[in-house]
Every structure is written in structure tokens, then in C-alpha cells.
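See below for the structure under consideration.
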Amino acid sequence: MENGVITAGLEKYFNPETTEEVKVTEGTHAASYAVGLARVKVISAYPITPQTSIVEKLSEMCASGEIDAEFIKVESEHSAMACVIGSESTGARSFTATSSQGLALMHEELHWAAGARLPVVMVNVNRALGAPWNIWADQSDSLAQRDTGWVQLYAESNQEVLDMVLQAYRLAEEIMLPVMVNMDAFFLSHTTEPVAIPKQHLVDQFLPGYNPKFKMDIKDPRAFGGLATPDRYMELRYNIQKSMEGALDLIPKIADEYDAIIKRHHGGLVEEYLTEDAEYLLVTSGTITGTSRIVVDAFRNKGIKVGLLKMRVFRPFPVKVVQESAGRAKKIAVIDRNISFGQSGIFFNELKSALYNLETRPLINGYVAGLGGRDVTPSTIEKVINHLIAAEKGEDLIWMELNYESDEI
Amino acid sequence: MSQMKFEIPKIELMKSGHVACPGCGASMAMRYALKALGQNTMIVIPACCWAIIDGPSPCSVNGVPVFHTAFETAAITATGIKAGLSRQGDNDTTVMAWAGDGGTFDIGLQALSGAAERNEDIIYVCYDNEAYMNTGIQRSSATPWGAWTTTTPTKTPKSRPKKNIIDILLAHHIPYVATASVAYPDDFIRKMKKAKSIRGMKFIQILSPCPPGWKSAPEQSVHISRLAVNSKVFPLYEVEDGYRYKISLNHKNIPVEEYLKHQGRFKHLSKEQIKQIQVDTDTKWEVLMKKVEMGELFSEN
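Going line by line, the protein sequences match chains A and B.
Count the first sequence with the numbering used here and you get residues 151 to 559, in order.
Count the second sequence with the numbering used here and you get residues 16 to 316, in order.
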């Protein structure tokens, strides 16, 4: 496999009709190329490991004239988000990227972007939060932003990162809410994979220019974000919820449109792998999914009906799809690379809540694994499935492969 | 002060119906600022009195677009708006960040410094009423030495001097920095127009009397502003390119006591304390004069 050439045998992965070139590239750069393809006008960001190579690449692309965007190199992540809030308010498609501590610092502005109904798209590289310092993969950073009004998407591969960013702009600008595209630190951000770069004219067809109904406009002067009294505020919140609910229909529709034009599909709200007849269902997100596919295959080869449900969307939470898909299984294992202290893994908790109103509820176990970038290997996942098969009643929190706890499995 | 006749523009972009307190310096300041800048202006307002003065949603007293933003983000949100406009081919609209002293001297200082260092093409105006007035008169780093606020009660009034925000901005080598007063609208409007004509970062500090916070009579606001200038407490000057100082007005050397006595926030001060303020004020003025001289030296070379 060389950069730029689709060699024989790779056509099944990369459609030559829709692909400009195939780059062997890391996840961060896949995001940068997507920003270029989306014809973003304003970029603002602050460096943080492991997001940095997104903005380094974008700086190069701006400097070389490859993309026609202004890149404002701000003094903090808080300002990065405030900057794209400003630029989006004028109708300029904007982008930022961050990770971990940077996302935490943005928290106030995340609410502002959503409340102001600005379709900012941001890539977050999922990294653990300190203390202590840790730069490796962990979803606690983005999941802690659950209630900010941002759509949250999770990618499994570098190709999905690129495609997801383009789809994120379509979604954001239709529902007038910001979208966060998440990728795992290092497992995606700094791992090279072949990525098909779609042809620009096809991307333009999929993602036309942004033209908002309301914007900062001299000819139509309005005040944005002024004091909303108790008789007005609640309806504005209701509207955000309605738009979020609308995203549940739009995400699969946009994925299908992308497939029709660019010829690639990664799933809608979820991706189901061998779930139809699955008795035991594994639920994952991010890169743990890729490893899980192999383990699921191994169990299938032994005649054990294991299936895999990949969560692509965390907000809005796809309750209905989860009920349909997970509701068919006898037992469910959710693997979380995150923890809500005092509760459980966060995807687990959301899933359990989604299944509560089913007439027949499956057994559901929550497994926390791989925090702070610890490897989640095929052997880890095998242990999860074996534990699930043997389980007689559901357990909310099972810690995987702790170094010193006696009750580990 | 130049004796040249100066016309105040007739245009009234700020409409009636604002919800400021009577005698609010910040509301007068906005009216003059918009007269100077004209229709082709956008305003960014962080948390401050003006977040309320502009009127509750969907109302706005300003006849130009207004974007309300979080407390510490006035400078950077203005930067983003300017970049968004410019990338869509509009390089003419003036984007003005309009913040109080809390949002400028304190919580917004980082974003302000960032914007100044990058020399963003915006006008940043701080209407400085010398405390957190919108939350009910708490001390800020702009509160002067000796002043009462609700968090510096008269038994322990502010024990540190007011932060010199102008010097902080000048350290960024930006094209234009100025002080302005609602008591001198001609000078104020001239400075706003000048700021509009310059590319890059402009910073203007307006001393903004606050009758509830200063414990002063609403009808005295302009008078107190004039006394602040003429007692050298708030000298009017401008600085171009970080070193070319120009004093805008010859003060009348009025004792600071004249300025202080109209304000209840200073009424607990002893004669000795007032004397100390006089000494500090005189010293600061002398330092300013030295800077003017130094600036002349730079200009010659």
C-alpha cells in the first residue's frame, strides 16, 4: 500500500470512482483533511497532546494555501471555543479540536455554543483527565460534557473519523447544534491507517455552503443571547431537546446520503455486527470495537451466538435502536473505557436506563476496562464474554484486570 | 484642549428604553461610541451591566448587531466575529468588544492579552466603573485604593492600588490605546473615530461613574467625570504604537478631595488618607509626564 495509489485488491475498501487518493495517515490528520474538504472558513485551537497534530497539519494546510481558512492560534481552549462561537455567529463554517483538560476548560463555552444554536464542529481526542497526568485513551473527558447540548459521535477507525467530520457538519447545520467527533487517543490519533480522501466535488455535493437563517448582520441588526426571563428560557431548552431528538432521524439519513454520494457507510446511530440472532451481546464504542469484532468471530466459530453493538452516537442517546437491538439478546455486556465515580461505566448506565421499560429485560453487566490508555486486548474481551455467559444476575460495575484487587476477573 | 469646534454626530443608534440606572456613565458612553462608529458596527457584550442595559431578549436598544457572550470572552468573541466576517469578504465592519472592568482587568484579562498580542483588528472598550457593579458592588482589581465596596467594607477598605490596565495593554505594543471620559464627548468621539480608522488592536478605557456603586448623585455623573480628569485621577491621553504619548487635555490641578467628596464610597477616609491619595495621584501624573518625554525621545530617533 502506497500513499495515493489504489493498488489491486483494495478496490473493495476504497471506491476508485469517489476517491481522490488514499493516504496512509494518522487519525488526527484524517480529521485535518476532513476540515479542508468541508471548506471550513475559520479555525481556532490551542495545542494539547494528542490533539496537536490536527492543528499542526491544519496550520500547514492554511500556510500552503491548500485551504482558504483563517487559523486563530489562541491562548487557551476556552478562547478557542469562544472564537468559533464568534465566527459561527457570522455564518462562517468553523472548526476547533481539543482533548481532555482542554475540553474540561471549554466546558462553559460548550454550553454557550449549544445555547446560542451555533453548529460548531469539534474533534475531541479522548484522553484521560488528571490528576495524575495521563495522556492516553479514556472517554471520561467527553462523557463529562454529556449535558452541554452537544451531539457526541464516536469513531472506530481513521476513515470513520474523516467521514464522520463531514457528516457532522451536515448534521450540525441542519439541527443548529454543535457536534463533537471523538476518537481514541493514540489508538486512532497516532496510528496510521489507509484513509480514502473523497473527491472534493463529491464532498461539495454532499455538504453545500453554510447559510444560516439568522446571523450577525449589519443589514438585519439583532441581539443574540440577551437575557431570557423565566417566561422564555424554558421553551428555548425545549427547542434544543426537540432538535436533539430530530438528530436521531437525521444521523442515519445523512449516513445514507453520504453512502449514496461517496460510497461508504459506517452505520447510523449504531453499527450492528452479528446481532440478529445473538444471545450474548457486546456493546462497545471507539477502538475497543475493532478488537471486539475478532473476539466475536472466535466465539461464533465455537458455535456461541455472540453479537456486537457499536455505539456511534452517545448524544442524543439512541434509546429506540438500543431497545430493538439489545432487547433481543439474553445477556448484554457493556464495556466502558470511562467511569462515573460513585456510579458505573457511563455507556452502561445509559443502556441500562434505555432497557428499563422493556417488557422482558435482558441481563446486563457493566465492565470498566482500559482506563488511562491501558490495553483492552482480545483476551480482556474474551474474559468479559465468558463472565457474561456464566452470569446469573446483572452486575453494574465489574472492573477488568485490576493489578491489585482480589475481586477482579 | 483644542478650541476647534467639534460636531457631535447627530446619528442616534442607541435608542431609548435602556434599563440602566439613572446617571449611568456606561449608558452615556455607549451612546457616544455608536455616534462615533456609526451603523457599520457590531458589538460584543460579556457579562457586565451592559448585558442587562441592552434589554431582555428579544429587545435591544442598540441599532446594530449585538452578541452577548460569556464573562471572560469579550476580546476573543470579537476576534471570532471579525474573522468570520473577513473570511466572507467583509473587512469594513467595526467589531467592538464592550466590557466592564471585571471582564477586562480580571476575568477577561487572559483573552484580552491574547487578542492584543495577536494584534486582532478590533476595538476593545472597557467602561470602568471600578467594581463589580452588576452583581452589587464587589471589589475588582480596578477598584481604587481606599474605596468602599460590599467586599471591602469601610473597616477594611481596598488596601491595594487600582491596576494600571493601560500599561498592561501598552506592553503588548498595540497600535492605539486611549483613555476617555463622558464629560468630554468631543474628545471621546474623536478617539473612537481614530480607533475605527486604525487596523489592529485598539483599547479604550472610559471612566464610567456608577451612582449606586459610587454612592453619588445621578445628576453629578458628568461633573464627577470632569473632576476625575481635572484632579489627574483619570488623565485623558492616548498612546500610539505603544510609545507615542499625547495628553488630550490640560488638567486644572484640582485637589483630589474635590473628586472624592462627591462619592460616598470614599467618605470614611481620614484627612491623612486623602493626603496619601493626593501624593499618589501627583506621583502617577509625574510618571505619566516622564513617559510622554520618553515617547518624544523614541519618536526623534
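All C-beta atoms, glycine included, are put in the ideal place defined by N, C-alpha and C.
Source: prediction; values computed, not measured.
Asked, Found
"Kindly indicate which residue of A/ILE222, A/GLN309, A/SER339 and A/LYS413 has the alpha-carbon position closest to the one of A/GLY285.", "Per the sequence shown, residue 285 of chain A should be read as Ile rather than Gly. Minimum Cα distance to A/ILE285 is reached at A/SER339."
"Measuring only the C-alpha atoms, how far is A/ILE444 from A/ILE412?", "27 Å"
"With a threshold of 8 Å, are at least 3 pairs of Cβ atoms found where one atom belongs to the region 222 to 234 of chain A and the other to the region 170 to 188 of chain A?", "no"
"Should A/GLY523 go down as buried or exposed, given a rule of 16 or more other Cβ atoms within 10 Å for buried?", "buried"
"What three-state label does DSSP hand A/MET151 in the structure shown?", "With a pLDDT of 47 at A/MET151, under the threshold of 50, the predicted position of this residue should be treated as unreliable, though the coordinate-derived value follows. Coil at A/MET151, not helix or strand."
"Using CA coordinates, which residue listed in B/ALA146, B/TRP113 and B/PRO176 is at the minimum distance from B/MET207?", "B/TRP113"
"Are the beta-carbon atoms belonging to A/GLU238 and A/VAL270 less than 8 Å from one another?", "yes"
"How big is the Cα-Cα spacing for B/GLU132 and B/HIS188?", "8 Å"
"Less than 8 Å between CB atoms is the rule here; does A/MET314 satisfy it with respect to chain B?", "no"
"Please look up how many angstroms separate the CB atoms of A/ILE347 and A/GLU170, rounded, as I've assumed it's under 8 Å.", "5 Å"
"Can you pull the chain A residues whose beta carbon is under 8 Å from the beta carbon of B/MET57, in chain order?", "MET366 and ILE368"
"Give the residues from the region 108 to 124 of chain B that approach chain A closer than 9 Å (Cβ to any Cβ), ordered along the chain.", "THR108 and VAL110"
"Under 8 Å between C-beta atoms, does A/LEU377 make it to chain B?", "yes"
"In three-state terms, what does DSSP make of A/LEU552?", "coil"
"Kindly list, in the order they appear in chain A, the residues whose Cβ is closer than 8 Å to that of B/ALA66.", "GLY376 and LEU377"
"Which residues bound the beta strand (DSSP E) around A/ILE482?", "481 to 486"
"Relative to the C-alpha of B/ILE239, which candidate in B/GLN220, B/MET45, B/VAL254 and B/SER196 has its C-alpha closest?", "B/SER196"
"I'd like to check one pair, B/PRO200 with B/ILE23: are the Cβ atoms closer than 8 Å?", "yes"
"Where are the beta strand (DSSP E) runs, 3 residues long or more, that stay fully inside the region 178 to 261 of chain A, in chain order?", "192 to 195, 220 to 223 and 244 to 249"
"Compare the C-beta of A/GLY299 against all C-beta atoms of chain B and say whether one is closer than 8 Å.", "no"
"Taking C-beta to C-beta, are A/ILE548 and A/LEU293 nearer than 8 Å?", "no"
"Quick one, which residues of the region 128 to 150 of chain B are near chain A if we go by CB-CB under 9 Å, in chain order?", "SER128, GLY129, ALA130, GLU132, ARG133 and GLU135"
"Specify whether the region 273 to 286 of chain B and the region 219 to 236 of chain B touch according to this definition: at least 3 beta carbon pairs, one from each stretch, less than 8 Å apart.", "yes"
"So what does DSSP say about A/GLU176, is it helix, strand or coil?", "strand"
"What do you reckon, are the CB atoms on A/PRO358 and A/GLY241 nearer than 8 Å?", "no"
"Please list, in chain order, all residues of the same chain as A/SER203 whose beta carbon is under 6 Å from its beta carbon, the five residues on each side excluded.", "THR178"
"State the start and end residues of the unbroken beta strand (DSSP E) segment that holds B/LYS170.", "Counting along the chain, B/LYS170 falls outside any beta strand (DSSP E), and DSSP gives it neither H nor E."
"According to the neighbour-count rule (16 or more other Cβ atoms, all chains shown, within 10 Å of its Cβ), is B/PHE21 buried or exposed?", "exposed"
"Taking the CB atoms as reference points, tell me whether A/ILE535 and A/ALA476 lie closer together than 8 Å.", "no"
"Rounded to whole angstroms, how far is the Cβ of B/ALA35 from the Cβ of B/CYS74, which I believe are closer than 8 Å?", "Contact doesn't hold; Cβ gap of about 14 Å is too wide."
"Is A/VAL234 close to chain B? Criterion is C-beta to C-beta, closer than 8 Å.", "yes"
"Determine whether the beta carbon atoms of B/ILE180 and B/PHE120 lie at a separation below 8 Å.", "yes"
"At what residues does the alpha helix (DSSP H) containing B/LEU184 begin and finish?", "180 to 185"
"Over what stretch of residues does the beta strand (DSSP E) that includes B/CYS64 continue unbroken?", "That residue, B/CYS64, is in no beta strand (DSSP E); its alpha helix (DSSP H) goes 64 to 68."
"Grab me the residues of A/GLY265's own chain with a C-beta within less than 8 Å of its C-beta, minus the 5 sequence neighbours each way, in chain order.", "GLY299, GLY375, LEU386 and ILE390"
"Should A/THR248 and A/SER194 be called a contact, given that it needs their Cβ atoms to be closer than 8 Å?", "no"
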